[in-house]
Amino acid sequence: MTAPPLPAPSRPVKPYHAGLGAEAVVDAAVELTAESALTSWTIRDLARRLGVSPSVIYHHLPGRPDIMWAVVERVLSTFPRAGTDLPWQQWFRTTMPDLVTHLSHHPGTVRFLSLNGPATASGIRLVDDGITVLRRGGFADRSPEIFSVLFNSTLLVGAINEDRGNEAPDLTAAALRSIAKAGPLPAGTQELQDYSVRFATDPDLRGRVASYLRFTVDLLIAGLESDPALRPEAGAS
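Below is the structure:
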């Protein structure tokens, strides 16, 4: 009688990709974003950076949108938050221009946040801080709406300048050629054109944008301060 065959020895399960986890994927995505832009790299680029196949990326994170959100969260998490004990004016003057400058080191993140909102853990904390200082400043139930205006307006200004990027000189030259076809400009339009050219051709464009962002926030704050009806609990500040 022949004995039944012995079962094959079990093999240890090999890790899907030893040493690689979601954090490593996000690390690489943050690097690629800093080098190009959030919307410029592909899953294949990311896999190439990590030395794996694209399927390995999907094993750790569901898809590119999830990785983009993780990149935004990573960048936001390194932004130093201002204390909520500051007056609301100082909090927004400190936070909003600095936030855009901080994000601009990872191109595309400003635009991403302006379109999608701060839907990450660090973004949520930032929103809560802003609404807290506004409520303490007397804005009561208008605080979320006012936060939205201050946050979105500053980010949109930052996103516009971010989108122009390295194409700014060429776009400015093309705009000037287009304007020239319209003939002599009215005085006010000529003044605006002269200002726009000075802005776009400033050797320190990053500094010029930062100054413009501060000016944007100052104007918004001045408008809020000028209308007492917006602050029914102003005596609490």
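Per our numbering, the very first residue in the sequence shown carries number 575; after that it's consecutive.
Glycine residues also receive a C-beta, built at the ideal position from the N, C-alpha and C atoms.
Phe721 vs Leu708 beta-carbon contact at 7 Å: yes
From Arg716 to Asp702, what does the alpha carbon distance come to, in whole angstroms? 14 Å
Looking at C-alpha atoms only, which residue of Asp792, Tyr769, Leu606 and Leu794 is the closest neighbour of Gly682? Leu606
By Cβ distance below 6 Å, which residues in the same chain neighbour His572 in space, the five residues on each side in sequence not counted? Look at the range of the chain in this structure, 575 to 811, and you will see that residue 572 is not part of it.
Per the contact definition of three or more C-beta pairs closer than 8 Å, is the stretch 661-668 in contact with the stretch 792-802? yes
Roughly how many angstroms separate the alpha carbons of Ser752 and Leu745, rounded to a whole number? 10 Å
Where the alpha helix (DSSP H) through Thr669 begins and ends: Trp662 to Leu677
Ile734: buried (16+ other C-beta within 10 angstroms of its C-beta) or exposed? exposed
So what's Ser688 in DSSP terms, helix, strand or just coil? helix
Taking the continuous alpha helix (DSSP H) assigned at Trp643, which residues delimit it? Arg638 to Ser651
Leaving aside the five residues before and after Glu647 along the sequence, list all residues of the same chain whose C-beta is less than 8 Å from its C-beta, in chain order. Thr694, Ala695, Ser696 and Gly697
Chain-order list of residues whose beta-carbon lies under 8 Å from that of Ala603 (same chain, five-residue window excluded): Trp615, Leu620, Ile641, Met642, Ala644 and Val645
Just to confirm my understanding: we take Val684, look at its own chain, exclude 5 residues before and 5 after, and list those with CB closer than 7 Å. What are they? Excluding residues within five positions, the ones whose Cβ falls inside 7 Å are Val674, Leu677, Ser678, Leu729, Gly732, Ala733 and Glu736.
One question on the structure: do Pro692 and Ile705 come within less than 7 Å of each other, judged by their Cβ atoms? no
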